[in-house]
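*Asks:* Reading the sequence shown from the start, the letters are residues 1 to 182 in the UniProt record's numbering.
Handing you this structure, nothing more for now.
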Amino acid sequence: MLAGLRAEDNKYLKRIFFVKTVAHRGRSVFAKKAFKKGDFMMEYKGICKEYCENEYMSLQSLYKKNEELSYCLEFTFQKQKYYIDATREYKYGFARLINHARNPNLKVSKPLLVDSEQLPRVAMYAGTNIAENDELFWDYFSSLNPAKCLLDEQNQKDNTRYAMDVFQKEEIGWNNLLSCHK
Numbered sequence: 001m002l003a004g005l006r007a008e009d010n011k012y013l014k015r016i017f018f019v020k021t022v023a024h025r026g027r028s029v030f031a032k033k034a035f036k037k038g039d040f041m042m043e044y045k046g047i048c049k050e051y052c053e054n055e056y057m058s059l060q061s062l063y064k065k066n067e068e069l070s071y072c073l074e075f076t077f078q079k080q081k082y083y084i085d086a087t088r089e090y091k092y093g094f095a096r097l098i099n100h101a102r103n104p105n106l107k108v109s110k111p112l113l114v115d116s117e118q119l120p121r122v123a124m125y126a127g128t129n130i131a132e133n134d135e136l137f138w139d140y141f142s143s144l145n146p147a148k149c150l151l152d153e154q155n156q157k158d159n160t161r162y163a164m165d166v167f168q169k170e171e172i173g174w175n176n177l178l179s180c181h182k
């Protein structure tokens, strides 16, 4: 079982985290309390499905037509490709709003099956000690997603600006239009 995984809902998340708009990144998630390295933070929730190219591309077209940002995490688990669609924030929480950093304070678990579930789940843990009011970040290009992160030189030098300017998608990757692209 994923350590710390629980039946979290938006009410629970709002007691522990808050969302605010940050320059150059759009909305972002912050901690309302301190966490120790290794503490469970939240699950990347959404609709998890086996990846089917036609179905996935239709979904992306629908989001584009409706002028919605897509928050789909693609990954491979036991040689099968999946995606978690977290686009519906009101239903699935706000892990999807956590922005990218090359040196993040969160770590993402490898996908795991929980109990007798048929589809894998992904959880986030504190990768460092996190203080109250710290902004949360995770590396979109971690072991879960081996695509190469290509930040511009300014982003590499300035840790206060985490906007992602270029993304080279490989076999597995994020296919979302992130809030920092606004």
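Note that the Cβ used here is the ideal one computed from N, Cα and C, for glycine as well.
Please tell me whether residue 131 and residue 41 are closer than 8 Å, where the distance is taken between their beta carbons.
*Replies:* It is not a contact, given that the beta carbons lie outside the stated cut-off.
*Asks:* Roughly how many angstroms separate the alpha carbons of residue 11 and residue 38, rounded to a whole number?
*Replies:* Taking the straight line joining both Cα atoms gives about 23 Å.
*Asks:* Counting along the chain, where does the alpha helix (DSSP H) carrying residue 56 start and finish?
*Replies:* Note, residue 56: alpha helix (DSSP H), 53 to 65.
*Asks:* Can you tell me the Cα-Cα spacing of residue 51 and residue 21, whole angstroms?
*Replies:* Cα-Cα distance, rounded: 32 Å.
*Asks:* Cα-Cα, which of 94, 135, 141 is closest to residue 23?
*Replies:* If we check each option's Cα against that of residue 23, 135 comes out closest.
*Asks:* If you run the structure through DSSP and keep just helix, strand and coil, what is residue 49?
*Replies:* Of the three classes helix, strand and coil, the one that applies to residue 49 here is strand, per DSSP.
*Asks:* In chain order, what residues of the same chain lie with their CB nearer than 8 Å to the CB of residue 67, ignoring the 5 residues before and after it?
*Replies:* No residues qualify anywhere along the chain.
*Asks:* Looking at residue 48: is its Cβ nearer than 8 Å to the Cβ of residue 120?
*Replies:* Yes. Within cutoff.
*Asks:* So residue 92 packs on residue 46, CB below 8 Å; how close in whole Å?
*Replies:* That pair is a contact at about 5 Å.
*Asks:* Give me the Cα-Cα distance between residue 32 and residue 133, rounded to the nearest whole angstrom.
*Replies:* Between residue 32 and residue 133, the C-alpha separation is close to 6 Å.
*Asks:* Following the continuous beta strand (DSSP E) through residue 95, name the residue where it begins and the one where it ends.
*Replies:* That residue, residue 95, is in no beta strand (DSSP E); it is neither H nor E in DSSP.
*Asks:* Enumerate in chain order the residues of its own chain whose CB-to-CB distance from residue 77 is below 7 Å, with the five nearest sequence positions on each side excluded.
*Replies:* Cβ neighbours of residue 77 beyond the five flanking positions: 111, 120.
*Asks:* Which residue from 108, 105, 34 puts its Cα closest to that of residue 16?
*Replies:* Checking every option, the nearest Cα to that of residue 16 belongs to 34.
*Asks:* Using three-state DSSP, classify residue 132 as helix, strand or coil.
*Replies:* Looking at residue 132 - three-state DSSP - the assignment turns out to be coil, as it is neither helix nor strand.
*Asks:* Looking only at C-alpha atoms, which of 84, 96, 56 sits nearest to residue 28?
*Replies:* Measuring from the Cα of residue 28, the nearest candidate turns out to be 96.
*Asks:* Is it buried or exposed for residue 124, if we count other Cβ within 10 angstroms and need 16 for buried?
*Replies:* Buried, since its Cβ has 16 or more Cβ neighbours within 10 Å.
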